[in-house]
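Novice: The working numbering numbers the first residue of the sequence shown as 1 and each following residue consecutively. For every residue, glycine included, the Cβ atom is placed at its ideal position computed from N, Cα and C. Just so you know, these numbers come straight off a predicted model, no measurement behind them.
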Amino acid sequence: MTTRSASTSTLDHLLTEIEHRNPAQPEFLQAAHEVLETLAPVLAARPEYAEAGLVERLVEPERQVIFRVPWQDDRGRVHVNRGFRVEFNSALGPYKGGLRFHPSVDLGVIKFLGFEQIFKNALTGLGIGGGKGGSDFDPHGRSDAEVMRFCQSFMTELYRHIGEHTDVPAGDIGVGGREIGYLFGQYRRITNRWEAGVLTGKGAGWGGSLIRPEATGYGNVLFAAAMLRERGEDLEGQTAVVSGSGNVAIYTIEKLAALGANAVTCSDSSGYVVDEKGIDLGLLKQVKEVERGRVDSYAERRGSSARFVPGGRVWEVPADIALPSATQNELDENDAAALIRNGVKAVSEGANMPATPEAVHLLQRSGVAFGPGKAANAGGVAVSALEMAQNHARTSWTAARVEEELTRIMNDIHTTCHETAERYGAPGDYVTGANIAGFERVADAMLAQGVI
Numbered sequence: 001m002t003t004r005s006a007s008t009s010t011l012d013h014l015l016t017e018i019e020h021r022n023p024a025q026p027e028f029l030q031a032a033h034e035v036l037e038t039l040a041p042v043l044a045a046r047p048e049y050a051e052a053g054l055v056e057r058l059v060e061p062e063r064q065v066i067f068r069v070p071w072q073d074d075r076g077r078v079h080v081n082r083g084f085r086v087e088f089n090s091a092l093g094p095y096k097g098g099l100r101f102h103p104s105v106d107l108g109v110i111k112f113l114g115f116e117q118i119f120k121n122a123l124t125g126l127g128i129g130g131g132k133g134g135s136d137f138d139p140h141g142r143s144d145a146e147v148m149r150f151c152q153s154f155m156t157e158l159y160r161h162i163g164e165h166t167d168v169p170a171g172d173i174g175v176g177g178r179e180i181g182y183l184f185g186q187y188r189r190i191t192n193r194w195e196a197g198v199l200t201g202k203g204a205g206w207g208g209s210l211i212r213p214e215a216t217g218y219g220n221v222l223f224a225a226a227m228l229r230e231r232g233e234d235l236e237g238q239t240a241v242v243s244g245s246g247n248v249a250i251y252t253i254e255k256l257a258a259l260g261a262n263a264v265t266c267s268d269s270s271g272y273v274v275d276e277k278g279i280d281l282g283l284l285k286q287v288k289e290v291e292r293g294r295v296d297s298y299a300e301r302r303g304s305s306a307r308f309v310p311g312g313r314v315w316e317v318p319a320d321i322a323l324p325s326a327t328q329n330e331l332d333e334n335d336a337a338a339l340i341r342n343g344v345k346a347v348s349e350g351a352n353m354p355a356t357p358e359a360v361h362l363l364q365r366s367g368v369a370f371g372p373g374k375a376a377n378a379g380g381v382a383v384s385a386l387e388m389a390q391n392h393a394r395t396s397w398t399a400a401r402v403e404e405e406l407t408r409i410m411n412d413i414h415t416t417c418h419e420t421a422e423r424y425g426a427p428g429d430y431v432t433g434a435n436i437a438g439f440e441r442v443a444d445a446m447l448a449q450g451v452i
């Protein structure tokens with residue numbers, strides 16, 4: 001049996017073990033399969049990784065915390081939610097990853113997000129480990145006072161597990177500036193410390209970084225632009241479809257416009273809007289950020305250029321590039337086929353694992369440039385790490401400096417993924433490049449630190 005075949009056999013056995021040990025966690029199993037199926041070449045080339053049991057250790061979180069979150073609504077009724085924090089790997093630095101408040105959150109979802117975060121954070125080169133957390137609490141439709149009481153209860157348990165040198169959460173779906181503010185206030189109240197580096201995504205006036213709200217969307221567009229440059233093209237004049245209408249989608253649309261591309265869609269759980277003139281960013285921000293409304297309201301107020309498609313699939317709209325920016329598994333094989341029929345050139349993931357494995361394989365086989373989320377949407381956590389650096393120095397950088405650093409980091413990530421894929425015989429395969437490059441950085445640190 002060749003070394004490569006032996007490595008593949010070992011990985012197949014490990015995947016079977018992972019499935020046995022993590023039943024009813026489809027998202028985590030999907031993420032583990034996606035990474036491990038690309039690692040055979042590096043394990044064959046670096047047998048010391050296999051000998052040290054690095055992959056076996058990497059797929060098992062260092063710590064998993066689950067806790068009760070009781071809170072009262074405005075009518076005095078008591079509710080009980082479940083809180084999670086999965087601290088996956090700290091070989092490169094303190095655990096770093098967002099908090100998600102959404103009814104779909106369970107342990108499997110948090111483990112999938114935390115596992116992805118290990119490699120994403122490694123690719124930034126900024127010395128941060130991987131973790132993730134959240135709750136099945138739904139902030140939609142809740143008053144500010146209810147959200148505050150929930151956040152305070154959530155932090156009353158979480159605070160004992162985090163710290164600027166231990167674990168640094170940030171925001172994610174359902175956790176924006178409002179929630180980060182309430183969480184930080186409760187942390188400060190309990191600990192009696194102004195420890196700005198314990199949370200990122202804070203307000204610019206109290207320890208936050210400029211460009212942090214924009215970073216994930218901006219970074220994804222920068223990665224897409226780098227993939228196009230590799231093919232001798234640029235974003236100027238390209239038509240883009242964007243899913244979602246939250247923070248990532250909004251700033252994806254903004255950066256596309258800045259680089260000369262035209263985003264013609266946005267969406268939410270009710271359906272999608274297609275706007276022939278291009279999405280009016282000011283109106284979208286008013287509807288979603290100020291009024292917390294639905295995208296059908298955007299279409300009603302935009303005029304004849306926009307139409308709302310209830311329950312539709314945004315991927316049926318013809319475009320040159322697609323940037324899924326909503327949630328996991330939102331783009332399936334049928335959607336990928338529709339994009340290909342309509343001539344899409346590049347797909348870049350703004351959300352975490354928004355494309356199913358079948359969709360990814362079809363896009364790659366069809367020659368579409370595909371940017372996986374762990375590379376393409378790393379801009380958010382990169383600027384979070386820059387926020388931590390500013391907090392440690394008790395200083396604040398200009399927006400221009402932060403954006404310059406973000407641009408450098410995203411271009412470096414693209415170069416690293418592209419060159420790693422070529423080195424392991426998979427030219428143009430950014431999935432393989434991202435997985436192996438992130439794995440090598442974490443694996444080398446784990447080797448150096450012993451069996452822990």
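Could you please give me the residues that DSSP links to L331 through a beta bridge?
Specialist: As a first step, residue 331 is located in the sequence shown; it is residue number 331 there, counting from the start. In DSSP, L331 forms a bridge with A355.
Novice: Could you tell me which residues DSSP puts in a beta bridge with P324?
Specialist: In the sequence shown, the residue the question calls residue 324 occupies position 324. Beta-bridge pairing links P324 to no other residue.
Novice: Three or more beta-carbon pairs under 8 Å between the stretch 406-420 and the stretch 116-124, yes or no?
Specialist: Yes, they touch.
Novice: Can you tell me where the beta strand (DSSP E) holding L99 begins and where it ends?
Specialist: Counted from its first residue, the sequence shown places residue 99 at position 99. Looking at the DSSP string, the run of the beta strand (DSSP E) that includes L99 is 95-101.
Novice: Three or more C-beta pairs closer than 8 Å, one from the stretch 230-241 and one from the stretch 190-206: is that the case here?
Specialist: Short answer: they don't touch.
Novice: Write down the C-beta distance between A32 and F119 rounded to the nearest angstrom, noting that I regard them as a contact closer than 8 Å.
Specialist: Indexing the sequence shown from 1 puts residue 32 at position 32. Indexing the sequence shown from 1 puts residue 119 at position 119. Contact flag wrong, Cβ pair sits at about 12 Å.
Novice: Any chance you could list the beta strand (DSSP E) runs of at least 3 consecutive residues sitting entirely within the stretch 401-426, in chain order?
Specialist: You should have found no qualifying run.
Novice: Measure the Cβ-Cβ separation of L58 and F370 and say whether it is below 9 Å.
Specialist: On the sequence shown, residue 58 is found 58 positions in, with the first residue counted as 1. On the sequence shown, residue 370 is found 370 positions in, with the first residue counted as 1. No, Cβ-Cβ distance for L58 and F370 is not below 9 Å.
Novice: Less than 9 Å separating the beta-carbons of E62 and H161?
Specialist: In the sequence shown, the residue the question calls residue 62 occupies position 62. In the sequence shown, the residue the question calls residue 161 occupies position 161. Taking 9 Å as the Cβ cut-off, E62 and H161 do not qualify as a contacting pair.
Novice: Taking V453 as part of the alpha helix (DSSP H), name the residues at either end of that continuous run.
Specialist: Nothing about residue 453 can be reported from this structure: the residues present for the chain run from 1 to 452 only.
Novice: With a Cβ-Cβ cutoff of 9 Å, do E179 and G171 count as a contact?
Specialist: Position 179 of the sequence shown holds residue 179. Position 171 of the sequence shown holds residue 171. Yes; because the gap between Cβ atoms is below 9 Å, this pair is in contact.
Novice: If you run the structure through DSSP and keep just helix, strand and coil, what is P372?
Specialist: Here the question's residue 372 lines up with position 372 in the sequence shown. Correct three-state label for P372: coil.
Novice: Exposed or buried, what is N192 when buried is set at 16 or more other beta-carbons lying within 10 Å of its beta-carbon?
Specialist: Position 192 of the sequence shown holds residue 192. Exposed.
Novice: Rounded to a whole number of angstroms, what is the C-alpha to C-alpha distance between G181 and L99?
Specialist: Translated into the one-based positions of the sequence shown, residue 181 becomes position 181. Translated into the one-based positions of the sequence shown, residue 99 becomes position 99. For G181 and L99, the distance between alpha carbons rounds to 13 Å.
Novice: Between G176, D444, A448, which has its C-alpha nearest G380's C-alpha?
Specialist: For the purposes of this step, residue 380 is taken as residue 380 along the sequence shown, with counting starting at 1. Comparing Cα-Cα distances from G380 to each of G176, D444, A448, the minimum goes to G176.
Novice: Could you tell me which residues DSSP puts in a beta bridge with H13?
Specialist: Taking the sequence shown and counting its residues from 1, one reaches residue 13 at position 13. Its beta-bridge partners do not exist; DSSP assigns none.
Novice: Tell me which same chain residues have a C-beta within less than 7 Å of the C-beta of E146, skipping the five on either side of it?
Specialist: Walking along the sequence shown from the start, residue 146 turns up at place 146. If we look at E146 and ignore the five residues flanking it on each side, its Cβ neighbours are D73, D74.
Novice: What number of angstroms, rounded off, separates the C-alpha of D296 from the C-alpha of L284?
Specialist: Working through the sequence shown from its first residue, we reach residue 296 at position 296. Working through the sequence shown from its first residue, we reach residue 284 at position 284. Computed Cα separation, rounded: 11 Å.
Novice: Mapping the DSSP letters down to three states, classify D106 as helix, strand or coil.
Specialist: Taking the sequence shown and counting its residues from 1, the one referred to as residue 106 is at position 106. In the structure shown, D106 sits in coil (DSSP, three-state: anything other than H, G, I, E or B).
Novice: Report the option in E330, V69, L339, G174 whose CA atom is closest to the CA atom of R292.
Specialist: As a working note, residue 292 is residue 292 in the sequence shown. Per the Cα distances, G174.
Novice: Return the Cβ separation of T245 and K288 in integer angstroms, given the expectation that the two are a contact with Cβ distance under 8 Å.
Specialist: Locating residue 245 in the sequence shown gives position 245, counting from the first residue. Locating residue 288 in the sequence shown gives position 288, counting from the first residue. The sequence shown places Ser at residue 245, not Thr. The Cβ separation is near 5 Å, so the contact holds.
Novice: Determine the direct distance from the alpha carbon of T407 to that of I452, and round the result to whole angstroms.
Specialist: To locate residue 452, count along the sequence shown from 1; it is residue 452. To locate residue 407, count along the sequence shown from 1; it is residue 407. Cα to Cα, the separation comes out at about 35 Å.
Novice: Any idea what DSSP makes of S270, helix, strand or coil?
Specialist: Here residue 270 corresponds to residue number 270 of the sequence shown, with the count starting at 1. Coil, per DSSP.
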